[in-house]
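Encoded as structure tokens, the structure appears first; notes follow it.
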């Protein structure tokens, strides 16, 4: 069964304090791994797609990396506006019928 | 604005009632997906339509149904509502048939409260 586990559930950082969010996954043939950002009361907003182990992508203070079993979202020198819930999702060839399976998210709070 | 439009934004109803949620996909997108988000379960895939045809089913209850119309908008019908159906319901769209390798664009969601 395709599965996604994110840790930690919640993370509190001071402004400028770098850290990483983890996404562990089990999938029958990975089509893609996705990171989304969700602000309170809003829909998830796409950040990155990773397709193969070793791939990395960056956007401003965020950098996503992928291995065969997990992905990390590194946040460098975060600012209060980075506060949000970060969702990881995988798409596979197996039981999920190719549709995305989401983790429960990591709620990030960045204090000034 | 993501380009995916969902109505209504908020809905309060009673147990046993029926409601319809509406979604207009982003221009050019042929696939529409419905997801349910509750506090304890996270985002759960319900159902997908591609160009009017049902393509995949997830954890959708028999009390729930959906359809996609010729103009590509979609409706999610929830009937015999229970307290546990209270959740955020998101619609997403993508250009292609399978989401596994493609980016989904989400709407702002419809918040359903069942009293």
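Chains as they are written, first to last, in the working numbering: chain G, 1 to 112; chain C, 1001 to 1115.
Note that beta-carbon positions come from the ideal geometry of N, C-alpha and C, so glycine has one too.
{"query": "Short Cβ contact (8 Å threshold) for residue 1110 of chain C with residue 1036 of chain C", "result": "no"}
{"query": "Candidates C:1013, C:1077 and C:1058, of which the one nearest residue 1066 of chain C by Cα", "result": "C:1077"}
{"query": "Buried versus exposed call for residue 1001 of chain C [16 or more other C-beta atoms within 10 Å across all chains shown]", "result": "exposed"}
{"query": "Chain C contact residues for residue 99 of chain G, given Cβ-Cβ distances below 8 Å", "result": "1033, 1045, 1048, 1056, 1058, 1098, 1099 and 1100"}
{"query": "DSSP state of residue 1042 of chain C mapped onto helix, strand, coil", "result": "strand"}
{"query": "Nearest candidate by alpha-carbon position, reference residue 1085 of chain C, set C:1045, C:1115, C:1025 and C:1051", "result": "C:1115"}
{"query": "Cα-Cα separation, residue 1063 of chain C to residue 80 of chain G", "result": "42 Å"}
{"query": "CA-to-CA distance, residue 74 of chain G to residue 63 of chain G, given in whole angstroms", "result": "5 Å"}
{"query": "Below-8 Å beta-carbon distance, residue 49 of chain G vs any chain C residue", "result": "yes"}
{"query": "Residue 6 of chain G beta carbon less than 8 Å from that of residue 67 of chain G", "result": "no"}
{"query": "Cβ neighbour criterion (16 or more within 10 Å) applied to residue 1069 of chain C", "result": "exposed"}
{"query": "Below-8 Å beta-carbon distance, residue 1106 of chain C vs any chain G residue", "result": "yes"}
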